[in-house]
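Asker: So the sequence shown is numbered by my numbering: it starts at 313 and just counts up by one.
For every residue, glycine included, the Cβ atom is placed at its ideal position computed from N, Cα and C.
Bear in mind that the values here come from a model prediction, so they are computed numbers and not experimental data.
Below is one structure. I have some questions about it.
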Amino acid sequence: MTRALPAELLARIVTYLLPSIDACASTLPHPSGSDLEYAPPVPSNTSADLLSVCLSCSLLHELAQDALYRAPLVRTLKALNLLASTIAADAKPRTSPGPSRSGSGQRATMVRAIHLSPGDGLLQPGDTLADQNGYKDSLRIMFDHASELDLIWLEHRQAGAAFLELLHPHTVCRPRRLTLSNLSFSAPPFSSIQSLAPLSKLTHLHLIKIVPPPALISFVVGEAIHAEEQGNVPESISKGLSPCGSLECLRLSLLPPDALVEFEAYVAWRRAWKEYEQLDPHQQAQLPAPRAPLGPARRFAVQEALYDLAVRAARLPRLRLVLLELSPLGSLAPPSSLFSTARQSIVSPKAVLEDRRAQVSDQHTFRASMRTMQHQQEAMTRDDGGLGQSETAPMPTREELRTEERDRYWRLIEAGKHALVRLWGESCDELPDLRVVSARPNGHDRREGFLDYHCQTAASAGADVGCWADADVFELVDQSPFLSYRADDLSRAWYWTGELPRSTTSTAGETKLIPSLIPL
Numbered sequence: 313m314t315r316a317l318p319a320e321l322l323a324r325i326v327t328y329l330l331p332s333i334d335a336c337a338s339t340l341p342h343p344s345g346s347d348l349e350y351a352p353p354v355p356s357n358t359s360a361d362l363l364s365v366c367l368s369c370s371l372l373h374e375l376a377q378d379a380l381y382r383a384p385l386v387r388t389l390k391a392l393n394l395l396a397s398t399i400a401a402d403a404k405p406r407t408s409p410g411p412s413r414s415g416s417g418q419r420a421t422m423v424r425a426i427h428l429s430p431g432d433g434l435l436q437p438g439d440t441l442a443d444q445n446g447y448k449d450s451l452r453i454m455f456d457h458a459s460e461l462d463l464i465w466l467e468h469r470q471a472g473a474a475f476l477e478l479l480h481p482h483t484v485c486r487p488r489r490l491t492l493s494n495l496s497f498s499a500p501p502f503s504s505i506q507s508l509a510p511l512s513k514l515t516h517l518h519l520i521k522i523v524p525p526p527a528l529i530s531f532v533v534g535e536a537i538h539a540e541e542q543g544n545v546p547e548s549i550s551k552g553l554s555p556c557g558s559l560e561c562l563r564l565s566l567l568p569p570d571a572l573v574e575f576e577a578y579v580a581w582r583r584a585w586k587e588y589e590q591l592d593p594h595q596q597a598q599l600p601a602p603r604a605p606l607g608p609a610r611r612f613a614v615q616e617a618l619y620d621l622a623v624r625a626a627r628l629p630r631l632r633l634v635l636l637e638l639s640p641l642g643s644l645a646p647p648s649s650l651f652s653t654a655r656q657s658i659v660s661p662k663a664v665l666e667d668r669r670a671q672v673s674d675q676h677t678f679r680a681s682m683r684t685m686q687h688q689q690e691a692m693t694r695d696d697g698g699l700g701q702s703e704t705a706p707m708p709t710r711e712e713l714r715t716e717e718r719d720r721y722w723r724l725i726e727a728g729k730h731a732l733v734r735l736w737g738e739s740c741d742e743l744p745d746l747r748v749v750s751a752r753p754n755g756h757d758r759r760e761g762f763l764d765y766h767c768q769t770a771a772s773a774g775a776d777v778g779c780w781a782d783a784d785v786f787e788l789v790d791q792s793p794f795l796s797y798r799a800d801d802l803s804r805a806w807y808w809t810g811e812l813p814r815s816t817t818s819t820a821g822e823t824k825l826i827p828s829l830i831p832l
């Protein structure tokens, strides 16, 4: 019966046996989610139906292979070793005459995307030391033969086998989408790797817990940014291997929380230092050298990388999206004064509310409170003639003391973002969309990694899906003001958790503000 249908139609039917994937399943916040914590579950098994079809007949077996091998989810070392063994068996020369099994010899080229967990450290459930012994060889087989790999999600240690085997002279794939998730505290050694050719066709580069070192920045922009030794980076650039002409999207995740704090001061120092370096030695001896802004070394490293990228933005003509994810600071403590009042007013256990997040259905309450606060601020401005607070301004309330440090933090981050946008705009004609995005609640753990991998391999992955569709946190103040608010079991108001900003100021000076306490 199946042979009565065209093979093209059967192939189309087979592709629908894979579970449908929400292309925004890993987007935070989810566009249609009820609250900030909403996330769809990870598909448990994406190939069970395909495997059943493969056993039906030889025709369906042949048609199902492409869908089966296109984007395997390799959760364990055992699965990786089995996949590598299949590819290796196909690659062996045939010793007996006769036709080969349909589809064999091509399965390596069917693999278009792969997620690789680290296999040279702690064992995952279900793996053994014997599985780990073959990890490096399995990686080498994969990268030696899977020439059509277009998307790679790689979890690795600083100089782990997965990272080193990918950037190897024998690697045949040139992926367009690459995610590198660093599990150590130091950046990978980009200046000492054997080959950068596998990175030459990148359009989407996602670095998790990696501050781009000078060697990587030099390679990405196609220009040496420092005079010190950078391994084979200059040679790779001279061979035309830099992805500067193809890179469209860049995401830096799990940056230090203060990565953009005082960034404007850092820009001023870099410019002053550049002018100082251009002076002759006699003039330098008569002037004090510009002093770098005070701050931790981790912040300095990130701001150095952002500055070096921004001033060379003209060398990235196709770059249209830059996402910066800062590590979260955690939620603010609930307002204790609110709860003490609530306890005195409770007369029945039925009146106690369960702890819950504000949801999209509560949005009208937040918008009404924002309008009320705006009217109050306008009235206060008229009363004091626009001069601001007087010398007799009232003492801050407990709620203001609870939120002032986090409010100040978000104001500094937004000011740093504006400084970065201005710096970037000075170096290119068309400014990319630069966003500060919400931090993943679990820090890009295995579940979040698998979920985003599914999004990127979805049929609609030609667009910005998954983590690439994350909204700017300051735009969320107006778009979804309810996201970072909760109501505790004894409270009678929504209170701000500080996870997202509650105010934003545009470059034109317009400010939008959400109250930190909103009555239910």
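1) State whether the segment 518-526 contacts the segment 548-566, with contact taken as three or more CB pairs (one from each stretch) at a distance under 8 Å.
2) Could you compute how far the alpha carbon of S657 sits from the alpha carbon of G755?
3) In whole angstroms, what is the alpha-carbon distance linking Q598 and Y588?
4) Taking only three categories from DSSP, how would you classify R603?
5) Take A335 as the anchor and find which of I830, R452 and F762 has the nearest alpha-carbon.
6) Tell me, which residues are paired with A770 by DSSP?
7) Assess, as a yes-or-no matter, whether the segment 627-643 is touched by the segment 807-814 under the definition of 3 or more beta carbon pairs within less than 8 Å.
8) Taking only three categories from DSSP, how would you classify N393?
9) Give the DSSP-derived three-state secondary structure of T677 in the structure shown.
10) Can at least three beta-carbon pairs, one atom from the segment 459-466 and one from the segment 420-435, be found at a separation below 8 Å?
11) Apply the 10 Å Cβ neighbour rule to R603 and answer buried if 16 or more other Cβ atoms are within range, or exposed otherwise.
12) Grab me the residues of D764's own chain with a C-beta within less than 6 Å of its C-beta, minus the 5 sequence neighbours each way, in chain order.
13) What are the uninterrupted segments assigned as beta strand (DSSP E) that are 3 or more residues long and contained completely in the segment 509-587, given in chain order?
14) Please identify the residue among S364, Q689 and P706 whose C-alpha is closest to the C-alpha of T823.
15) What does V749 pair with, by DSSP beta-bridge criteria?
16) By DSSP, does S815 sit in helix, in strand, or in coil?
17) Taking DSSP's pairing of strands, which residues face Y807 in a bridge?
18) Determine the direct distance from the alpha carbon of H342 to that of L495, and round the result to whole angstroms.
19) Counting C-beta neighbours from all protein chains within 10 Å, is the total for G410 16 or more, i.e. buried, or is it exposed?
20) Do you know how far the Cα of L321 is from the Cα of S498?
21) Three or more C-beta pairs closer than 8 Å, one from the segment 785-798 and one from the segment 676-683: is that the case here?
22) What number of angstroms, rounded off, separates the C-alpha of P647 from the C-alpha of A442?
23) Straight-line CA distance for E711 to I453?
24) What residue from T769, T709 and R734 has the CA that sits closest to S828's CA?
25) Between the alpha carbons of Q542 and L348, how many angstroms are there, rounded?
Answerer: Put simply:
1) yes
2) On the sequence shown, residue 657 is found 345 positions in, with the first residue counted as 1. On the sequence shown, residue 755 is found 443 positions in, with the first residue counted as 1. Its pLDDT being 46, under 50, S657 is placed unreliably in this model, and the value from its coordinates should be taken loosely. Approximately 40 Å between the Cα atoms of the pair.
3) Position 286 of the sequence shown, counting from 1, holds the residue named residue 598. Position 276 of the sequence shown, counting from 1, holds the residue named residue 588. Using only the alpha carbons, I get a separation of about 11 Å.
4) The count along the sequence shown starts at 1 and reaches residue 603 at position 291. Coil.
5) As a first step, residue 335 must be located in the sequence shown, where it is residue number 23. Comparing Cα-Cα distances from A335 to each of I830, R452 and F762, the minimum goes to F762.
6) Translated into positions along the sequence shown, residue 770 becomes position 458. A770 pairs with nothing; no bridge assigned.
7) yes
8) Translated into the one-based positions of the sequence shown, residue 393 becomes position 81. Three-state DSSP puts N393 in a helix.
9) Counting from one through the sequence shown, the residue named residue 677 turns up at place 365. The answer is helix: DSSP assigns T677 an H, G or I state.
10) yes
11) As a first step, residue 603 is located in the sequence shown; it is residue number 291 there, counting from the start. Label assigned to R603: exposed.
12) Sequence index remark: in the sequence shown, residue 764 carries index 452 (1-based). Hits under 6 Å: S338, G778 and C779.
13) 516-520 and 561-567
14) One-based indexing of the sequence shown puts residue 823 at position 511. Answer by Cα proximity: Q689.
15) The count along the sequence shown starts at 1 and reaches residue 749 at position 437. In DSSP, V749 forms a bridge with E637 and D784.
16) Sequence index remark: in the sequence shown, residue 815 carries index 503 (1-based). Looking at S815 - three-state DSSP - the assignment turns out to be strand.
17) Counting from 1 along the sequence shown, the entry for residue 807 is found at position 495. Answer is R798 and L829, bridged to Y807.
18) Taking the sequence shown and counting its residues from 1, one reaches residue 495 at position 183. Taking the sequence shown and counting its residues from 1, one reaches residue 342 at position 30. Distance between the alpha carbons of L495 and H342 is about 26 Å.
19) The residue given as residue 410 occupies position 98 in the sequence shown. In this predicted model, G410 has a pLDDT of only 48, less than 50, meaning its place in the structure is not dependable; the value taken from the coordinates is given anyway. Classification of G410: exposed, given that the 10 Å Cβ count is below 16.
20) Counting from one through the sequence shown, the residue named residue 498 turns up at place 186. Counting from one through the sequence shown, the residue named residue 321 turns up at place 9. The alpha-carbon atoms of S498 and L321 are separated by roughly 50 Å.
21) yes
22) Counting from one through the sequence shown, the residue named residue 647 turns up at place 335. Counting from one through the sequence shown, the residue named residue 442 turns up at place 130. Each residue's Cα considered, the two are about 54 Å apart.
23) Numbered from its first residue, the sequence shown carries residue 711 at position 399. Numbered from its first residue, the sequence shown carries residue 453 at position 141. Answer to the nearest angstrom: the Cα atoms are 60 Å apart.
24) The count along the sequence shown starts at 1 and reaches residue 828 at position 516. That would be T709, whose Cα lies nearest to the Cα of S828.
25) Within the sequence shown, numbered from 1, the residue matching residue 542 stands at position 230. Within the sequence shown, numbered from 1, the residue matching residue 348 stands at position 36. Straight-line Cα distance between these residues: approximately 42 Å.
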